[in-house]
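Trainee: This structure is in structure tokens; I'll ask about it shortly.
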Amino acid sequence: MKSQIQTLITQSIATLQQNGDLSQELNLNIQIERTRDKSHGDFACNIALMLSKQAKCKPRDLAEKIVAALPAAAVVTKVDIAGPGFINFFINEGATRAVIGKIFEAGEAFGHSAVGGGKRVQVEFVSANPTGPLHVGHGRGAAYGATVADLLTAVGFEVHREYYVNDAGRQMNILAASTWLRYLEGCGEAITFPVNGYKGQYIYDIAAELQQAHGETLRHGAAAVMNELYPDEGQADGDKELHIDALVERSKTLLGAEGYKIVFDAALNTILKDIREDLQEFGVIYEKWFSENSLVASGAIDRAVARLKESGHLYQEKGAWWFRSTDFGDEKDRVVIRENGQTTYFASDIAYHMDKLERGFDQVIDVWGADHHGYVPRVKAALQALGDDVDKLDVLLVQFAILYRGGVKAQMSTRSGEFVTLRQLRDEVGNDAARFFYVLRRCEQHMDFDLDLAKSQSNDNPVYYIQYAHARVCSVLRQLDEKGFSWQLPDEDALALLDNEHELALISRLTRYPEVVESAALSHEPHQLAYYLRDLANDFHTYYNAHQFIVDDAALRHARIALIKATRQVISNGLGLLGVSTPEKM
RNA sequence: GCCCCGAUAGCUCAGCUGGAUAGAGCGUCCCCCUCCUAAGGGGAAGGCCAGAGGUUCGAAUCCUCUUCGGGGCACCA
């Protein structure tokens, strides 16, 4: 509908240009908007206001010229000029009602479109280090990323969802060492657990499994483990970082490559399996779990570094290799290869993004926590240095979610092991509420996640409100069936019986759904859809309260049932995109 | 110190990329089941869009400065 009106305006302006009323060289940007007020019609166009300066003509006069040159169209019943020069379009009710037929025709696909043109988009999200279970902060990235991916799919992009597994690097070694120490404790060794080790309960669990699978074959005496290590924080001249690094080295030495790998893999695989199941239960499915280690194995890191070296973007200083990212707007240069010869996390990330673009994606979307925002310039710098098109990379930063329970903030810290996990949240409030609440806020907005509200099975809770509308339609259909009524989709003339204000408001809302999906997808803003569904549910509940659907007049009954079935379809499609279930009974 | 994000009703947030009288939900106050689920509906009160300048026909929206929150500035990941 929007595009139809846009075409009318375009034609009108073309006519005026031919007549010489308007210059040939105009900077055109025709925007058609939904009106907020019914007295302003259904759609409004501000083109006269925007062109008045270029055309050297008063907005209202220009609007009159444009309206006069407007070609006739059956769907438009009236065109008004209002306010400072808005052109308001009133749409034929019949044309609006046609949406009901379209919804039945398209079914689950209603709202889908092809604007994506089959372009290949990769969406990478969550990508939390596999050093522990996902917490509620990751949950927001998961819900957001999954919904953006689903929205993009709905509007015709070919979407590839990916989780980047940081299975290489220092943190993983610390995890392995932490696990081994807990294992040794389980064997009865008197271990002093390092300040910087992973202290969560889940480490004990992995250690216990290790003991079950391998008995005491990995056991070494506490004295051998702890002997002459760099002192830990709290001890004389201690340093928690140097201590933990020494402990990692000691673990490798004592266990040998083979034994160390057993511990390392046990920790990694257990945690990764947990994360995978957690996300799957949350309705978040990936096409690929991309291992950082595979970048080492495939030689991608070496290749990326070599390319940067060849193109003169690396230099050596203080024994390390630096990437001159300042050439591309970063605030300082970054180390790629450390003095000890190891590549940095950043080097992996350069290789990973190089690999993404080499795989031929038209667009690459990274969903990161807001705490990583400082990282954006250097990754973009690297892509530029590699000669890739930086505009293909879109980094979406998701702000933190703060949990409130009983009005009190729930604190968290990963290292100490004291945090609310995503699983706990899902158990407490349910998947539906969690998915919906996470996505209810713009991603740049800090989020206060009210656990009590999400849990409440009351009208305070927007998830239930929308689901209830769906369930109510189902209930009406059950009643219809019980009363022995059959139903068939009326033709367009019969649908004209839907003419009271509640019906027209609901129908008008339904026509907007495809626009909302498209806008939410292209702007990466799932909350637009969440708010739309709330409004749609509200229109439905109002209608429900004002009118009886199962009426004696068969023609009216068929028409009303058609409308509420169409409404149910759109609610179902919308909630589906948000990963929220649609119960038939509540 | 530098950088990023935010500031809109008592609370939590929208505001369609610069448009018409700034909107929802919750909370507060009134009203509505002889009727398909009251997990619902209708109405009222509630605002100097943090503050000050600027850009223009027009600013909550764009620019600058200030104030207050959150986050980031590693040879960690």
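The first sequence begins at 61 in the numbering used here and counts up one residue at a time.
Here a beta-carbon is modelled for each residue, glycine too, at the ideal position from N, C-alpha and C.
This one's a predicted model, so the numbers in the text were calculated from it and none came from an experiment.
What ranges does the beta strand (DSSP E) occupy inside the region 306-357, keeping only unbroken runs of at least 3 residues that lie completely in it?
Mentor: List check, beta strand (DSSP E) in window: 348-351.
Trainee: Along the chain, where does the alpha helix (DSSP H) containing GLU168 start, and where does it finish?
Mentor: Start at 1 with the first residue of the first sequence, and residue 168 comes out as number 108. Per DSSP, GLU168 belongs to no alpha helix (DSSP H) and is neither H nor E.
Trainee: Short of 8 Å in beta carbon distance, which residues of its chain neighbour GLN438, apart from the five on each side in sequence? Order them along the chain.
Mentor: Numbered from its first residue, the first sequence carries residue 438 at position 378. Position check: residue 438 holds Arg in this sequence, whereas Gln was assumed. Counting only Cβ-Cβ distances below 8 Å, and skipping sequence neighbours, we find PHE383, SER385, ASP390, ARG394 and PHE406.
Trainee: What separation, rounded to the nearest whole angstrom, lies between the Cα atoms of ASN605 and LEU623?
Mentor: Position 545 of the first sequence, counted from the start, is the residue given in the question as residue 605. Position 563 of the first sequence, counted from the start, is the residue given in the question as residue 623. Each residue's alpha carbon lies about 15 Å from the other.
Trainee: Do ALA228 and GLU399 count as a contact pair if the criterion is CB distance below 8 Å?
Mentor: Stepping through the first sequence from its first residue, residue 399 is reached at position 339. Stepping through the first sequence from its first residue, residue 228 is reached at position 168. Going by C-beta atoms, GLU399 is not nearer than 8 Å to ALA228.
Trainee: Taking the continuous alpha helix (DSSP H) assigned at PHE149, which residues delimit it?
Mentor: What you label residue 149 is simply residue 89 of the first sequence in a count that begins at 1. Looking at the DSSP string, PHE149 is not in any alpha helix (DSSP H); the run it does join, the beta strand (DSSP E), is 146-151.
Trainee: Tell me which residues share the same chain as ALA203 and place their Cβ nearer than 6 Å to its Cβ, disregarding the 5 neighbours each side in the sequence.
Mentor: Counted from its first residue, the first sequence places residue 203 at position 143. Closer than 6 Å at Cβ, skipping near neighbours: ARG495, TYR498 and VAL499.
Trainee: Going by alpha carbons, who is nearest to GLU563 out of ALA132, PRO574, PRO586 and ARG157?
Mentor: As a first step, residue 563 must be located in the first sequence, where it is residue number 503. Here the closest residue by C-alpha is ARG157.
Trainee: Short of 7 Å in beta carbon distance, which residues of its chain neighbour GLU245, apart from the five on each side in sequence? Order them along the chain.
Mentor: To locate residue 245, count along the first sequence from 1; it is residue 185. For GLU245, where only same-chain residues beyond five positions count, the Cβ hits under 7 Å are ILE251.
Trainee: Rounded to whole angstroms, how far is the Cβ of VAL458 from the Cβ of ARG200, which I believe are closer than 8 Å?
Mentor: If you number the first sequence from 1, residue 458 lands on position 398. If you number the first sequence from 1, residue 200 lands on position 140. Their Cβ separation, rounded to whole angstroms, is 6 Å, which keeps VAL458 and ARG200 in contact under 8 Å.
Trainee: According to DSSP, GLU93 sits in a beta bridge with which residue or residues?
Mentor: For the purposes of this step, residue 93 is taken as the residue at position 33 of the first sequence. Answer by DSSP bridge pairing, in chain order: ALA104.
Trainee: Answer yes or no: do HIS195 and VAL480 have a C-beta to C-beta separation smaller than 8 Å?
Mentor: What you label residue 195 is simply residue 135 of the first sequence in a count that begins at 1. What you label residue 480 is simply residue 420 of the first sequence in a count that begins at 1. For HIS195 and VAL480, yes; Cβs fall inside 8 Å.
Trainee: Pick from ALA442, GLY379 and VAL396: whose alpha carbon is nearest that of ASP387?
Mentor: Indexing the first sequence from 1 puts residue 387 at position 327. Nearest option by C-alpha distance: ALA442.
Trainee: Classify GLN527 as buried or exposed, calling it buried when 16 or more other Cβ atoms lie within 10 Å of its own Cβ.
Mentor: Position 467 of the first sequence, counting from 1, holds the residue named residue 527. Answer is buried; the Cβ neighbour count reaches 16.
Trainee: Quick check: what's the CA-CA separation for GLN136 versus THR571?
Mentor: Stepping through the first sequence from its first residue, residue 136 is reached at position 76. Stepping through the first sequence from its first residue, residue 571 is reached at position 511. The question names Gln, but residue 136 in the sequence shown is Val. Each residue's Cα considered, the two are about 15 Å apart.
Trainee: Select from TYR224, ASP512, GLY143 and THR213 the residue whose C-alpha is nearest the C-alpha of ALA169.
Mentor: Here residue 169 is taken as the residue at index 109 of the first sequence, counted from 1. Nearest option by C-alpha distance: THR213.
Trainee: Among residues of its own chain, excluding the 5 on either side of SER371, which ones have a beta-carbon nearer than 6 Å to its beta-carbon?
Mentor: Taking the first residue of the first sequence as position 1, residue 371 is located at position 311. Closer than 6 Å at Cβ, skipping near neighbours: no residue.
Trainee: Note down, in chain order, each residue of its chain lying with its Cβ closer than 6 Å to the Cβ of ASN226, except the 5 sequence neighbours on either side.
Mentor: One-based indexing of the first sequence puts residue 226 at position 166. If we look at ASN226 and ignore the five residues flanking it on each side, its Cβ neighbours are ASN189 and GLU352.
Trainee: For a test of the three-state rule: what should DSSP assign to ALA142, helix, strand or coil?
Mentor: Here residue 142 refers to the residue found at position 82 of the first sequence. Strand, per DSSP.
Trainee: The beta strand (DSSP E) that contains ILE65, what's its start and end?
Mentor: To locate residue 65, count along the first sequence from 1; it is residue 5. Looking at the DSSP string, ILE65 is not in any beta strand (DSSP E); the run it does join, the alpha helix (DSSP H), is 62-79.
Trainee: At the level of alpha carbons, what is the spacing between GLN91 and ASN106?
Mentor: The count along the first sequence starts at 1 and reaches residue 91 at position 31. The count along the first sequence starts at 1 and reaches residue 106 at position 46. Cα to Cα, the separation comes out at about 7 Å.
Trainee: Decide yes or no for the touch test of the region 411-422 against the region 178-192: beta carbon pairs closer than 8 Å, at least 3 of them.
Mentor: Touching, per the Cβ criterion.
Trainee: May I ask you to report which of helix, strand or coil DSSP gives TYR224?
Mentor: Residue mapping note: residue 224 aligns to position 164 of the first sequence, counting from 1. If DSSP states are grouped into helix, strand and coil, TYR224 belongs with the strands.
Trainee: Could you check the C-alpha separation between VAL611 and ARG617 for me, to the nearest Å?
Mentor: Your numbering for residue 611 matches position 551 in the first sequence. Your numbering for residue 617 matches position 557 in the first sequence. Computed Cα separation, rounded: 5 Å.
Trainee: When you compare the CB positions of VAL183 and ALA237, do they come within less than 8 Å of one another, or not?
Mentor: Numbered from 1 along the first sequence, position 123 holds the residue referred to as residue 183. Numbered from 1 along the first sequence, position 177 holds the residue referred to as residue 237. Going by C-beta atoms, VAL183 is not nearer than 8 Å to ALA237.
Trainee: Could you tell me which residues DSSP pairs with TRP428 in its beta bridges?
Mentor: Mapped onto the first sequence, residue 428 falls at position 368. Paired residues: LEU457.
Trainee: Look up ILE397 in the DSSP assignment and say whether it is helix, strand or coil.
Mentor: Indexing the first sequence from 1 puts residue 397 at position 337. Three-state DSSP puts ILE397 in a strand.
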